[in-house]
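> The structure follows.
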Amino acid sequence: LSMEENEKKYRLLGKDAYLNYFDTARKDFEGQLKKIVQMEAKGMAISDNWKNLYESYLNISPRLKDLKKAQPSKIPWIPVNVINEWIEKIYIARAENEYEVYLATTELNRRGQTSARNGLIGIGVSSMVGLLGIIFFTYTTLRPLRELLKGIRTISQDRFSVPIRIRSKDEFGELARAFNEMSVRLKEEEQMRSDFVSMLSHEIRTPLTSIGESVNMIAEEVMGPVNDRQRKFLEIASSEIGRIGNLLNHLMQVSRLASSAIKIRPLSIGTSAFVSECIHGMASTAEAKRIKIETEIPPGIPNMMADPEHLKQVFINLLGNAVKFSPTKSKVKVRIEEDEAGTSLMFSISDKGPGIQEEEQSLIFNKYYQARKIRGHMDGVGLGLYISKHIVEAHGGTLWVESKIGQGSTFGFSLPTAGR
1117 LSMEENEKKY
1127 RLLGKDAYLN
1137 YFDTARKDFE
1147 GQLKKIVQME
1157 AKGMAISDNW
1167 KNLYESYLNI
1177 SPRLKDLKKA
1187 QPSKIPWIPV
1197 NVINEWIEKI
1207 YIARAENEYE
1217 VYLATTELNR
1227 RGQTSARNGL
1237 IGIGVSSMVG
1247 LLGIIFFTYT
1257 TLRPLRELLK
1267 GIRTISQDRF
1277 SVPIRIRSKD
1287 EFGELARAFN
1297 EMSVRLKEEE
1307 QMRSDFVSML
1317 SHEIRTPLTS
1327 IGESVNMIAE
1337 EVMGPVNDRQ
1347 RKFLEIASSE
1357 IGRIGNLLNH
1367 LMQVSRLASS
1377 AIKIRPLSIG
1387 TSAFVSECIH
1397 GMASTAEAKR
1407 IKIETEIPPG
1417 IPNMMADPEH
1427 LKQVFINLLG
1437 NAVKFSPTKS
1447 KVKVRIEEDE
1457 AGTSLMFSIS
1467 DKGPGIQEEE
1477 QSLIFNKYYQ
1487 ARKIRGHMDG
1497 VGLGLYISKH
1507 IVEAHGGTLW
1517 VESKIGQGST
1527 FGFSLPTAGR
């Protein structure tokens, strides 16, 4: 089209510039045709129209190279019918190319959709396989680990009768069988120790009672007059006999706990009166260390449902520990409050003692456990908190501790109200 346009302008105006434009357009047209034809040599299919067009151009091109040497009236221009034929072939070839591009694009889209669908299917299959793998891993690995952890926790809570159920024949199965065998041996040894403690307590209690009665008779001068020095030693002996008696009671109670649960007979108890009675029982011990016991009891506090004898043992034990571990001239605070629902009473006893290490706070309720700071220079065998915990739990409550080193400890427990 550019060649035809410049040819007409040259004929009309006769300026050489249009002849140059014609020659430039011709060279560009020839170069584009060569590129298209050379694509076949590279293995790409091209339309026959391009080939025919190129052959037609080659037949005419020799006479178009020296147009400037010819007279304007004798220039061998390209015939109009040839140019029209070329234009028609170009349109046809371009239409064929566009159609081929359309087909190729359609095929590419189809393959893309197929690939996307296959990819989604692959992702779904991979996800399913991964999920099955996770389930298999959980069943074969995490489940045995949970069972082992559960077994370890039951032993830490003095329950040896819950075997681990892992029936696999791998390392977990062997470990479970070894653990169950160890649990059985521990249960047998614990039963033997419990039987021995029970037997020993019964055997010691009878002569100890006789010794206590004898000391009391001597102190009451039934056997004759007693001087002040003798009376002092008799009081020491009576105190030690009482301490040993309390220890035997604890041992026998622990022995009963190992064989059966605590039997409680809950009654409706006046909360304020009960606490006052327990504090009065500890008054002499607190006065000896010049410790002041303060109470914080809101007016109108409801009655509680509890076994008075068992609960008194818990309260006296916690209050006695607070007095025992508090420094001289300090304070022990007893606090009672009702929960928001009005179904439970929360008791807490706080002291200013040395405190308990954080890593030991979960251990002090275990049987025979004593904190490291008091071992060797404090009375007791580590049974008071163990028994207290079982008594509180038998009432449907919980026993807990909050403590910081150097700031003291707070022991608390909950009990249901009488209206619950």
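Our numbering numbers the first residue of the sequence shown as 1117 and each following residue consecutively. Where a beta carbon is used, it is the ideal one built from N, C-alpha and C, also for glycine.
Taking all protein chains shown into account, decide if Y1218 is buried (16 or more other Cβ within 10 angstroms of its Cβ) or exposed.
One-based indexing of the sequence shown puts residue 1218 at position 102. Classification of Y1218: exposed, given that the 10 Å Cβ count is below 16.
> What does the alpha-carbon distance come out to for the pair V1439 and I1472?
Working through the sequence shown from its first residue, we reach residue 1439 at position 323. Working through the sequence shown from its first residue, we reach residue 1472 at position 356. Approximately 15 Å, taken between the alpha carbons.
> Per DSSP, what kind of secondary structure is F1529 in: helix, strand or coil?
Against the sequence shown, residue 1529 aligns to sequence position 413. Note: F1529 maps to strand in three-state DSSP.
> Look at the alpha carbon of E1233 and the alpha carbon of T1254, and state the distance between them as a whole number of angstroms.
On the sequence shown, position 117 is the one that residue 1233 refers to. On the sequence shown, position 138 is the one that residue 1254 refers to. Correcting the residue identity first, residue 1233 is Arg in this sequence and not Glu. Their backbone Cα atoms lie some 31 Å apart in a straight line.
> Spatial neighbours of G1537 within its chain, please: CB distance less than 8 Å, with the 5 preceding and 5 following residues excluded, ordered by chain position.
As shown, the chain starts at 1117 and ends at 1536. That puts residue 1537 outside it, with no answer to give.
> For A1186, does the three-state DSSP call read helix, strand or coil?
If you number the sequence shown from 1, residue 1186 lands on position 70. Because the pLDDT at A1186 is just 48, under 50, the model does not fix this residue reliably, and the value given afterwards should be weighed accordingly. A1186: coil per DSSP, three-state reduction.
> Using 10 angstroms around the beta-carbon of D1144, count the other beta-carbons present and answer buried if the total reaches 16, otherwise exposed.
On the sequence shown, position 28 is the one that residue 1144 refers to. Exposed, by the Cβ-count rule.
> Per DSSP, what kind of secondary structure is K1483 in: helix, strand or coil?
Numbered from 1 along the sequence shown, position 367 holds the residue referred to as residue 1483. In the structure shown, K1483 sits in coil (DSSP, three-state: anything other than H, G, I, E or B).
> How far does the beta strand (DSSP E) with S1460 in it reach, from first residue to last?
Residue 1460 sits at position 344 when you count from the first residue of the sequence shown. S1460 to S1466 is the span of the beta strand (DSSP E), which, as asked, contains S1460.
> Please name the residue, chosen from K1447, Q1429, E1476 and V1430, that lies closest to I1407 on a Cα-to-Cα basis.
Residue numbering aside, residue 1407 sits at position 291 when the sequence shown is read from its first letter. The option with the nearest alpha carbon to I1407 is K1447.
> With a 10 Å radius around its C-beta and 16 neighbouring C-beta atoms as the bar for buried, classify M1421 as buried or exposed.
Stepping through the sequence shown from its first residue, residue 1421 is reached at position 305. M1421 comes out buried.
> Do you know whose CA, among E1454, R1293, S1478 and N1482, lies nearest A1534's CA?
Residue mapping note: residue 1534 aligns to position 418 of the sequence shown, counting from 1. Of the residues E1454, R1293, S1478 and N1482, the one whose Cα lies closest to the Cα of A1534 is E1454.
> Around the C-beta of A1186, are 16 or more other C-beta atoms found within 10 angstroms, so that it is buried, or is it exposed?
Here residue 1186 corresponds to residue number 70 of the sequence shown, with the count starting at 1. In this predicted model, A1186 has a pLDDT of only 48, less than 50, meaning its place in the structure is not dependable enough to derive any value.
> Once DSSP output is grouped into helix, strand and coil, what is the label at M1421?
Here residue 1421 is taken as the residue at index 305 of the sequence shown, counted from 1. The three-state secondary structure of M1421, taken from DSSP, is strand.
> Would you please state the rounded distance, in angstroms, between the beta carbons of I1507 and I1378? I believe it to be under 8 Å.
Within the sequence shown, residue 1507 is the residue found at index 391, counting from 1. Within the sequence shown, residue 1378 is the residue found at index 262, counting from 1. Confirmed, Cβ separation roughly 6 Å.
> Looking only at C-alpha atoms, which of Q1229, F1288, F1527 and I1503 sits nearest to Y1485?
In the sequence shown, residue 1485 corresponds to position 369, counting from 1. Of the listed residues, the one whose Cα sits closest to Y1485 is I1503.
> Using the three-state DSSP reduction, which class does V1342 fall into: helix, strand or coil?
Numbered from its first residue, the sequence shown carries residue 1342 at position 226. The answer is coil: DSSP assigns V1342 none of H, G, I, E or B.
> Can you tell which of N1362, S1384, I1239 and Q1229 has its C-alpha closest to the C-alpha of R1321?
Here the question's residue 1321 lines up with position 205 in the sequence shown. Among N1362, S1384, I1239 and Q1229, the Cα nearest to that of R1321 is on N1362.
> Only counting the same chain, and skipping five residues up and downstream in sequence, which positions put a Cβ closer than 8 Å to that of E1263?
The residue you call residue 1263 lines up with position 147 of the sequence shown. Excluding positions up to five away in sequence, the list reads I1280, R1281, I1282 and A1292.
> Would you tell me roughly how many angstroms separate the C-alpha atoms of E1306 and A1399, rounded to the nearest one?
As a working mapping, residue 1306 is identified with position 190 in the sequence shown. As a working mapping, residue 1399 is identified with position 283 in the sequence shown. Their backbone Cα atoms lie some 38 Å apart in a straight line.
> Output yes or no for whether 8 Å exceeds the beta carbon distance between S1354 and V1331.
The residue you call residue 1354 lines up with position 238 of the sequence shown. The residue you call residue 1331 lines up with position 215 of the sequence shown. Going by C-beta atoms, S1354 is nearer than 8 Å to V1331.
> Tell me which residue opens and which closes the beta strand (DSSP E) that N1411 is part of.
Position 295 of the sequence shown, counted from the start, is the residue given in the question as residue 1411. Sequence check: residue 1411 is Thr here, not Asn. Counting along the chain, the beta strand (DSSP E) containing T1411 begins and ends at K1408 to E1412.
> In whole angstroms, give me the CA-to-CA distance for D1423 and F1252.
Residue numbering aside, residue 1423 sits at position 307 when the sequence shown is read from its first letter. Residue numbering aside, residue 1252 sits at position 136 when the sequence shown is read from its first letter. Computed Cα separation, rounded: 51 Å.
> Can you check which of these residues, F1441, I1465, L1501 and E1356, is closest to I1413 by C-alpha distance?
Within the sequence shown, residue 1413 is the residue found at index 297, counting from 1. Considering only alpha carbons, the answer is I1465.
> Can you name, in chain order, every residue of its own chain whose Cβ lies under 7 Å from the Cβ of N1482, other than the five neighbours on each side?
Position 366 of the sequence shown, counted from the start, is the residue given in the question as residue 1482. Residues Y1502 of the same chain have their beta carbon placed closer than 7 Å to that of N1482, with the five preceding and five following residues left out of the count.
> Are G1328 and I1352 closer than 8 Å when you measure CB to CB?
Stepping through the sequence shown from its first residue, residue 1328 is reached at position 212. Stepping through the sequence shown from its first residue, residue 1352 is reached at position 236. Not closer than 8 Å, so no.
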